[in-house]
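Taking it in order: structure first as structure tokens, then the write-up.
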Amino acid sequence: MSNKRTYSFEAGIGTSVTGEALVASDNFSARYDLDRLRGIFSRRSHQLYGQSYVGKILVLNTAKGGVATAWMLLDMVERGMAPAALVLNLTNPILAQGAAFAALPLVHDFAVDITLCIETGDQLSIFPDEGLLIQESAAGIKESVRTV
Amino acid sequence: MKIRKIEKEMLEGKHGYPRQWAMQQQLQVGQFFSADCFVEVTQAHIMCDTESLGLAGIEHLERLASYSEEERSVGIPTITDPRGMDLMNYRRLNQSEDFAERERRATAALEAMGIMMTDTCINYQTISPPVLGEHVAFGDTGVVIYSNSVFGARSNFEGGPAALAAALTGRVPSYGYHVDSNRQATQRFTLNFDPKTLTDWGAFGAIVGEFTGDYWEVPIIEGLGDSPTSDQLKHFGAALASHGSVALFHLDDITPEALDFMAVAADLDGQEPISITRDQIRSMYAKADGSIDVDVVVFAAPQLSLFEIQEIARQLDGKQINKRTDLLIATSPEIKSACDRFGITARIEDSGAILLSGVCFYQMYARELSEANSWKTLVSNSAKLVNIISGYGYEPKFATTEQCVEAAITGRL
Numbered sequence: 001m002s003n004k005r006t007y008s009f010e011a012g013i014g015t016s017v018t019g020e021a022l023v024a025s026d027n028f029s030a031r032y033d034l035d036r037l038r039g040i041f042s043r044r045s046h047q048l049y050g051q052s053y054v055g056k057i058l059v060l061n062t063a064k065g066g067v068a069t070a071w072m073l074l075d076m077v078e079r080g081m082a083p084a085a086l087v088l089n090l091t092n093p094i095l096a097q098g099a100a101f102a103a104l105p106l107v108h109d110f111a112v113d114i115t116l117c118i119e120t121g122d123q124l125s126i127f128p129d130e131g132l133l134i135q136e137s138a139a140g141i142k143e144s145v146r147t148v
Numbered sequence: 001m002k003i004r005k006i007e008k009e010m011l012e013g014k015h016g017y018p019r020q021w022a023m024q025q026q027l028q029v030g031q032f033f034s035a036d037c038f039v040e041v042t043q044a045h046i047m048c049d050t051e052s053l054g055l056a057g058i059e060h061l062e063r064l065a066s067y068s069e070e071e072r073s074v075g076i077p078t079i080t081d082p083r084g085m086d087l088m089n090y091r092r093l094n095q096s097e098d099f100a101e102r103e104r105r106a107t108a109a110l111e112a113m114g115i116m117m118t119d120t121c122i123n124y125q126t127i128s129p130p131v132l133g134e135h136v137a138f139g140d141t142g143v144v145i146y147s148n149s150v151f152g153a154r155s156n157f158e159g160g161p162a163a164l165a166a167a168l169t170g171r172v173p174s175y176g177y178h179v180d181s182n183r184q185a186t187q188r189f190t191l192n193f194d195p196k197t198l199t200d201w202g203a204f205g206a207i208v209g210e211f212t213g214d215y216w217e218v219p220i221i222e223g224l225g226d227s228p229t230s231d232q233l234k235h236f237g238a239a240l241a242s243h244g245s246v247a248l249f250h251l252d253d254i255t256p257e258a259l260d261f262m263a264v265a266a267d268l269d270g271q272e273p274i275s276i277t278r279d280q281i282r283s284m285y286a287k288a289d290g291s292i293d294v295d296v297v298v299f300a301a302p303q304l305s306l307f308e309i310q311e312i313a314r315q316l317d318g319k320q321i322n323k324r325t326d327l328l329i330a331t332s333p334e335i336k337s338a339c340d341r342f343g344i345t346a347r348i349e350d351s352g353a354i355l356l357s358g359v360c361f362y363q364m365y366a367r368e369l370s371e372a373n374s375w376k377t378l379v380s381n382s383a384k385l386v387n388i389i390s391g392y393g394y395e396p397k398f399a400t401t402e403q404c405v406e407a408a409i410t411g412r413l
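Heads up: the protein sequence lines correspond to chains A and B, in order. Per my numbering: the first sequence = residues 1 to 148. Per my numbering: the second sequence = residues 1 to 413.
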């Protein structure tokens, strides 16, 4: 078990960011999944139901249907009710457009299933321009990861 | 990414700030998806309900609209998706004056940019359907998937800011479904069932969507009999896009790019298709045994066609909606006008139901609507709506059109 690991990804938007991870092998839409006034996951069937996402680096699988997130991210940022960044196995155009509009860091396309590598509570540092994500875990990092 | 002279000028601000902002946004997205260049588009469709916009989005629109007419005006025909409020009916639904004011502000800014307030997610049925190979910038996932699949148009999901950017620049980054090689089928399905109703088609789309699971997958469906109707494909596509984030499907020997299986799915030749059964489709429906108290019945998502509304009016003729249940029907302003002319609106309203224009339920501040009207249990024939709406605090139930009407009359499902 080590405490630090670096992952590379294919594409990123936004500036560097550091924060605490909130992880699930589930998908994401600001409209489908969130109570954006309270800053929590409000969809009962979501793995993060009831949890606050505000200020966290969300690590999820991919985007759900719907286009609303492209507008919603900016309003969430301006009201101080946004995640710090989005880390996805694979995004769709809507999240990329929304991230560009809101200047919210978004990265995707890893060589591994990133939702299985990172655990909630891990500290992450993301460098979109360099294509690097650094994971630090007080409890140690699992050695085996499944390839996407 | 290859940048032409006109695009470089826009980036440098020589055509005004709105187009500079737009091109900067598009360049970021294009580089993110490794686009080679920009491709010109013929029309844009913008999702801009004020719940999604929030105050930040409204202020952004107002900022762009404050520039000179030459700088702020869109460069191609541009229309809008449903709004957050029907300003002729919002008081009947206990929607707030504050939200009405937001709609008026957003509308003023959009109109100042030369955008036509069509307020519809069925523009492919009512405004100007695209044709095979036409590059467009459409918002609303249901619009994109229908236009790509049924007409063979070229569009990605363009969220509000991206569709607005396309309207200003007249182009989009060339990636995703603008690139022919990305339109090949990647997953193969077969249907061992002959769906007849709109809800069966919606359930079918939802199930395929759950299998496909992401934007970059393109399902091809085999085993269909007769060509489906426009409304059947509307419900199928909307559910598929909602449940799977899918933007393009092919129906073997039916949709225009799949008339020759090998032309669109050669890589899947010999692969065993995933079989979709009647039982899987039936499992989507709520158990309609009269045990569920129903607060609101909603026909929306997508907005209803003239034919759909005519059928509901027929089922409501001579009946009254239950006093503790509301029935809402959402359509486009064009179809609402037709309903008014044909006496359909009067037949619907006589039953106690409400026919709304230019809105779609989940875009109408659904959480606040729930609180203002004490709505919790929602019944709909839209597989898309029941997928979306639980995050807003509802308990959604999927039912056939006939069961929905009956639930509105009896107050129970």
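The beta carbon of each residue, even a glycine, is placed where N, CA and C say it ideally should be. Keep in mind the model is a prediction, meaning the values are calculated, not measured.
Please report the residue range of the beta strand (DSSP E) in which residue i lies.
i: Pro161 (chain B); result: No beta strand (DSSP E) holds Pro161 (chain B); the alpha helix (DSSP H) holding it covers 160-169.
i: Ala44 (chain B); result: 44-46
i: Asn61 (chain A); result: 57-62
i: Gln414 (chain B); result: The question about residue 414 (chain B) has no answer, for chain B in this structure spans 1 to 413.
i: Asp317 (chain B); result: Neither: Asp317 (chain B) is in no beta strand (DSSP E) and is coded neither H nor E.
i: Val54 (chain A); result: First-last for Val54 (chain A): undefined, no H or E at that position.
i: Gly176 (chain B); result: Run containing Gly176 (chain B): none; DSSP gives neither H nor E here.
i: Ala21 (chain A); result: 17-23
i: Pro302 (chain B); result: 296-304
i: Ala415 (chain B); result: Nothing in the structure corresponds to residue 415 (chain B), since chain B is present only between 1 and 413.
Based on DSSP bridge pairs, tell me the residues matched to residue i.
i: Val246 (chain B); result: None; Val246 (chain B) has no bridge partner.
i: Ala11 (chain A); result: A:His108
i: Arg154 (chain B); result: B:His135
i: Lys4 (chain A); result: A:Glu136
i: Lys397 (chain B); result: B:Val379
i: Asp326 (chain B); result: B:Val296
By Cβ distance, which residues of its chain are closer than 6 Å to residue i, with the 5 residues on each side in sequence left out?
i: Cys37 (chain B); result: Lys2, Ser174
i: Ala203 (chain B); result: Ile281, Met284, Ala383
i: Ala408 (chain B); result: Val297, Ile321, Thr325, Leu327
i: Leu164 (chain B); result: Ile46
i: Arg105 (chain B); result: Ile58
i: Asp81 (chain B); result: Met47, Cys121, Gly139, Asp140
i: Glu210 (chain B); result: His243
Of the residues the options, which one's Cα is nearest the Cα of residue i?
i: Ser357 (chain B); options: B:Met85, B:Glu7, B:Ala407; result: B:Met85
i: Gln271 (chain B); options: B:Gly133, B:Arg104, B:Ala288, B:Thr186; result: B:Thr186
i: Arg183 (chain B); options: B:Gly114, B:Asp260, B:Ser245, B:Val264; result: B:Val264
i: Ile13 (chain A); options: B:Asp226, B:Glu69, B:Phe33; result: B:Phe33
i: Gly140 (chain A); options: A:Glu119, A:Gly131, A:Phe127, A:Pro128; result: A:Glu119
i: Asp453 (chain B); options: B:Ser149, B:Gly133, B:Tyr124, B:Thr50; result: The displayed coordinates of chain B run from 1 to 413. Any statement about residue 453 (chain B) would go beyond what the structure contains.
i: Asn381 (chain B); options: B:Ile389, B:Trp375, B:Lys397; result: B:Lys397
i: Val294 (chain B); options: B:Gln28, B:Glu9, B:Ser337, B:Thr377; result: B:Thr377
i: Leu48 (chain A); options: A:Gly121, A:Met72, A:Cys117, A:Leu22; result: A:Leu22
i: Pro273 (chain B); options: B:His235, B:Pro228, B:Gly223; result: B:Gly223
i: Tyr53 (chain A); options: A:Ile134, A:Ser45, A:Ala68, A:Met76; result: A:Met76
i: Leu73 (chain A); options: A:Arg44, A:Gly50, A:Leu37; result: A:Leu37
i: Gly213 (chain B); options: A:Ala102, A:Gln123, A:Ser137, A:Asn92; result: A:Asn92
i: Ala416 (chain B); options: A:Ile40, A:Ala70, A:Gly65; result: Here chain B has residues from 1 to 413 only, and residue 416 (chain B) is not among them.
Going by beta carbon distance, what residues of the same chain come within less than 7 Å of residue i, once the five residues before and after it are set aside?
i: Ser275 (chain B); result: Thr190, Asn192
i: Ala258 (chain B); result: Ile220, His250, Leu251, Asp252, Val264
i: Ala166 (chain B); result: Val41, Ala44, Ala137, Glu158, Val172
i: Tyr365 (chain B); result: Glu51, Gly84, Gln95, Phe99
i: Leu60 (chain A); result: Ala24, Asp26, Asn27, Phe28, Leu88, Thr115
Specify, as a first and last residue, the run of the alpha helix (DSSP H) that residue i falls within.
i: Val386 (chain B); result: 383-388
i: Glu78 (chain A); result: 69-78
i: Val405 (chain B); result: 401-410
i: Val29 (chain B); result: 17-32
i: Gln97 (chain A); result: 93-102
i: Phe261 (chain B); result: 261-265
i: Ile3 (chain B); result: From DSSP, Ile3 (chain B) is part of no alpha helix (DSSP H); its letter is neither H nor E.
i: Ile114 (chain A); result: 114-117
So, for residue i: in the same chain, excluding its five sequence neighbours on each side, which residues have a beta-carbon less than 8 Å away from its beta-carbon?
i: Asp231 (chain B); result: Leu198, Ser305, Phe307, Glu308
i: Glu311 (chain B); result: Thr401
i: Ile388 (chain B); result: Ser242, Ala301, Tyr362
i: Ala107 (chain B); result: The question names Ala, but residue 107 (chain B) is Thr in the sequence shown. The residues are Arg83, Met117.
i: Ile145 (chain B); result: Gly237, Ala238, Leu240, Ala241, Val246, Ala247, Leu248, Phe249
i: Ala370 (chain B); result: First, the amino acid is wrong: residue 370 (chain B) is Ser here, not Ala. Cβ within range, chain order: Lys376, Tyr392, Gly393, Tyr394.
i: Pro105 (chain A); result: Gly12, Ile13, Gly14, Thr15, Ser16, Val17, Ala84, Ala85, Leu86, Ala99, Ile126, Pro128
i: Val148 (chain A); result: With a pLDDT of only 40 at Val148 (chain A), under the threshold of 50, the placement of this residue in the model should not be trusted; the figure read from the coordinates follows. Cβ within range, chain order: Asn89, Phe110, Ala111, Val112, Asp113.
Item to check | Runs of beta strand (DSSP E) wholly within the stretch 269-293 of chain B (minimum 3 residues, chain order) | outcome: 274-276
Item to check | Completely contained alpha helix (DSSP H) runs for the stretch 101-148 of chain B, where each covers 4 or more residues | outcome: 123-126, 141-146
Item to check | alpha helix (DSSP H) segments (min. 4 residues) lying fully within the stretch 193-241 of chain B | outcome: 198-212
Next on the checklist: Give the list of continuous alpha helix (DSSP H) stretches no shorter than 4 residues that lie fully inside the stretch 349-386 of chain B.
Outcome noted: 366-373
Item to check | Secondary structure, alpha helix (DSSP H): runs of 4+ residues fully inside the stretch 39-90 of chain B | outcome: 50-65, 69-72
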